[in-house]
Structure formats: structure tokens, C-alpha cells
Amino acid sequence: MPEHTPETSPDTGDAPDLRGPPSLIALAVGNTRTRIGLFRHKELEQSEAIENDRPDEIVEAVVTLHGKEAADRDPVVVIASSRPSVSDVLADRLSGALAVPPFQVGKDLPIHINHLLDEDGASTVGHDRLLNALGAFSRTGQATVVVDLGTAATVDFVDGEGTFCGGAIAPGLRMMLAALHDQAEQLPQVDFKPVPDDQPFGANTPDAIRLGVTASLQGLVRTLTERYALSYGGYPQIVATGGDLAILEPDEVIEHFVPDLQLIGIQVACARALAESDDDD
Numbered sequence: 085m086p087e088h089t090p091e092t093s094p095d096t097g098d099a100p101d102l103r104g105p106p107s108l109i110a111l112a113v114g115n116t117r118t119r120i121g122l123f124r125h126k127e128l129e130q131s132e133a134i135e136n137d138r139p140d141e142i143v144e145a146v147v148t149l150h151g152k153e154a155a156d157r158d159p160v161v162v163i164a165s166s167r168p169s170v171s172d173v174l175a176d177r178l179s180g181a182l183a184v185p186p187f188q189v190g191k192d193l194p195i196h197i198n199h200l201l202d203e204d205g206a207s208t209v210g211h212d213r214l215l216n217a218l219g220a221f222s223r224t225g226q227a228t229v230v231v232d233l234g235t236a237a238t239v240d241f242v243d244g245e246g247t248f249c250g251g252a253i254a255p256g257l258r259m260m261l262a263a264l265h266d267q268a269e270q271l272p273q274v275d276f277k278p279v280p281d282d283q284p285f286g287a288n289t290p291d292a293i294r295l296g297v298t299a300s301l302q303g304l305v306r307t308l309t310e311r312y313a314l315s316y317g318g319y320p321q322i323v324a325t326g327g328d329l330a331i332l333e334p335d336e337v338i339e340h341f342v343p344d345l346q347l348i349g350i351q352v353a354c355a356r357a358l359a360e361s362d363d364d365d
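So for the sequence shown, the working numbering puts the first residue at 85; every next one is plus one.
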């Protein structure tokens, strides 16, 4: 079974020094915002999300965390990114602000995860999807549907052995709202807010749009979960994450809501990289 290692595996000298119990500061750079998490002894102690158009605040938050943790040993800083134009700037600025430059997933840190992707899929799959898969399986230890509702919506499947099987990508909530306005002249641009459960119909155009996009994403999750379960021959657990997580929260079929799932995946990727390095010694 193939193992996915994005780009080229780093030389041992370039890999993060993860031995011992240092703190880990993980950054997950998404299309809209960056989540920052502090891990101590593999446990997520705190996290926050900052919009990508506020890079000064992101850098300041990381430097502040780093300063608080550096009394015992400099923490490792690791960046995973779905938006290189943002992460490259953050990495450059943090390299100048920290004694040890941040490590970047896919460049300095490989993602060790078995997969069933074809050659094209293995070379183009987003690091966020793989890290979410690692984080989700570390929580469930069994076949899992991994839902990420962000700028794009992804619904992926990890089997009972932790193998990433692939999944589906669809427009996210705000992408759908924008597309309806851009492509249909008579439809307004609307901000999202939930339509109350006791209002089964959209009684006006904005609410009809809101109801439609909500049902689209809820239906996406249910339909694909059933498809994956049928293929696998068993019903998986469902782990959901992402900035638009709230639209799924009333859904009783989802067992785990984990806003920091990708951060957890970064920590697992670091642990697996260390284990692989120890095996090679």
C-alpha cells in the first residue's frame, strides 16, 4: 500500500528536532484564516484563529507563545498551509523573529500516511486533508468520515487501518452564496445566518438562499457518508471541523466536532516523523 510523502522527504539534518518533550506551536494556514495551537507533551493546551489579512497579529501571536515557552527549551514551530501566498510570508517573517526558523509541512516535515490515491491524486492532494485524516483517526481509531467545512467543503474517508482513501470536494458555504449572486442576476448577495428550525420554508429570497446552501452541505455529508459506508461495508464515525462547523451541529449523526482537527494532525505528523526517524537510526 503506498505511503504519501509530499514533495521530497527531508534529510535528517533538516528535519525538526522533536526528541524529548518540547512544546509545539502549530499553524494551520487556511484559505481564510490561520489557526494557531500550542501543544505541550502532545496535548493541545490552547488555540486561536486569526484572519489571514492580519499577518502582523498572526506573527505576534506566535512570537508571544514562543517567548512564554522558551524558558525551558525553544518550542518547535510547524506550518501547514492551504494558501502558500500567505504561509510563505508568515514563514519568512517568523524566520527573522525566531532563533530557529519554522518548519513547513511537505518541505521539512513529511506526512506519513498510507493512501489509495492514484498517481495524480497523490501529487495534488491538499496537506490539510491528509492532516485532518491523521487527526481524526488519532481520535477514533476506526473507519472515519472526515468533514471539513471551510472555503471549500471536503468529505473524506479513512478506513479502519488509518488508510486515506480519498473523498469529495465541493464549494463551501460562502462560495455558494457568492456564486449564486455572481451567476444569477436577480439573486442578491446575502450574509449567512441560520434559518430557524421552526421555519421549514424560505419565506423570502435571502432565507431561501440560506436554506438552500445549508441543506446542500448537510445533504452532501449524509449522501457521501452513506456512499462510503456502503463501499466499506460498515458505518463509520463522523468527525467534523472547519469554520462553518456550526451548520452541522444540530445533526445527530456526527459524533465529534473538532475545530482544531488540522492542528491535531500536525502534532500526529510530527510524532510519526519522529518514529520514522528513530526506526532509521
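Ideal Cβ positions, reconstructed from N, Cα and C, are used throughout, including at glycine.
Given the structure is predicted, the values throughout are model-derived calculations rather than measurements.
By Cβ distance, which residues of its chain are closer than 7 Å to residue i, with the 5 residues on each side in sequence left out?
{"i": "Leu-108", "result": "Phe-123, Pro-159, Val-160, Val-162, Gln-351, Cys-354"}
{"i": "Glu-360", "result": "His-196"}
{"i": "Glu-210", "result": "Residue 210 is actually Gly in this sequence, not Glu. Cβ within range, chain order: Ser-166."}
{"i": "Ala-263", "result": "Pro-255"}
Applying the criterion that 16 or more other CB atoms from any shown protein chain within 10 Å of the CB defines a buried residue, is residue i buried or exposed?
{"i": "Arg-213", "result": "buried"}
{"i": "Gly-256", "result": "buried"}
{"i": "Ala-175", "result": "buried"}
{"i": "Glu-269", "result": "exposed"}
{"i": "Thr-148", "result": "exposed"}
{"i": "Thr-325", "result": "buried"}
{"i": "Asp-328", "result": "buried"}
Suppose the cutoff is 6 Å on Cβ atoms and the five residues either side in sequence are ignored; what does the same chain contact list for residue i look like?
{"i": "Gly-246", "result": "Phe-221"}
{"i": "Arg-157", "result": "Pro-106"}
{"i": "Ala-252", "result": "Val-239, Leu-308"}
{"i": "Gly-349", "result": "Leu-215, Asn-216, Leu-218, Gly-219"}
{"i": "Thr-224", "result": "Gln-321"}
{"i": "Ala-112", "result": "Arg-119, Ala-164, Gln-346, Leu-347"}
{"i": "Gln-130", "result": "Leu-122"}
{"i": "Glu-135", "result": "Arg-117"}
{"i": "Gly-114", "result": "Ser-166, Gly-234"}
Name, in chain order, the residues that DSSP records as bridge partners for residue i.
{"i": "Glu-132", "result": "Ile-120"}
{"i": "Ser-165", "result": "Val-113"}
{"i": "Gly-251", "result": "Asp-240"}
{"i": "Phe-285", "result": "Partner(s): none; Phe-285 has no beta bridge."}
{"i": "Phe-187", "result": "Val-162"}
{"i": "Phe-341", "result": "Ala-324"}
{"i": "Leu-329", "result": "BP columns for Leu-329 are empty, so no partner."}
{"i": "Glu-127", "result": "Arg-124"}
{"i": "Leu-108", "result": "Phe-123, Val-160"}
First and last residue of the beta strand (DSSP E) that includes residue i?
{"i": "Val-239", "result": "236-242"}
{"i": "Asp-232", "result": "228-233"}
So the alpha helix (DSSP H) residue i belongs to, where does it begin and stop?
{"i": "Gln-321", "result": "Note, Gln-321: premise wrong, no alpha helix (DSSP H); beta strand (DSSP E) at 321-325."}
{"i": "Ile-142", "result": "139-153"}
{"i": "Gln-267", "result": "257-267"}
{"i": "Ala-217", "result": "211-224"}
{"i": "Asp-204", "result": "203-208"}
Tell me which same chain residues have a C-beta within less than 8 Å of the C-beta of residue i, skipping the five on either side of it?
{"i": "Gly-286", "result": "Val-279, Ala-292, Ile-293, Arg-294, Leu-295, Gly-296"}
{"i": "Lys-152", "result": "none"}
{"i": "Leu-128", "result": "Gly-121, Leu-122, Asp-344, Leu-347, Ile-348, Gln-351"}
{"i": "Ile-331", "result": "Leu-233, Leu-257, Pro-278, Thr-298, Leu-301, Gln-302"}
Can at least three beta-carbon pairs, one atom from the stretch 136-143 and one from the stretch 111-120, be found at a separation below 8 Å?
Verdict: yes, contact present.
At least 3 beta-carbon pairs within less than 8 Å: the stretch 257-277 vs the stretch 188-197
In the pairwise beta carbon analysis, the stretch 257-277 is classified as not touching the stretch 188-197: fewer than three pairs are separated by under 8 Å.
Closer than 8 Å is the cut-off here; do at least three beta carbon pairs connect the stretch 308-321 with the stretch 227-244?
Yes: at least three Cβ pairs fall under 8 Å.
May I ask you to verify whether the stretch 339-348 touches the stretch 233-244, counting CB pairs closer than 8 Å and requiring at least 3?
When Cβ pairs closer than 8 Å are counted between the two stretches, the stretch 339-348 is seen not to touch the stretch 233-244, the count staying below three.
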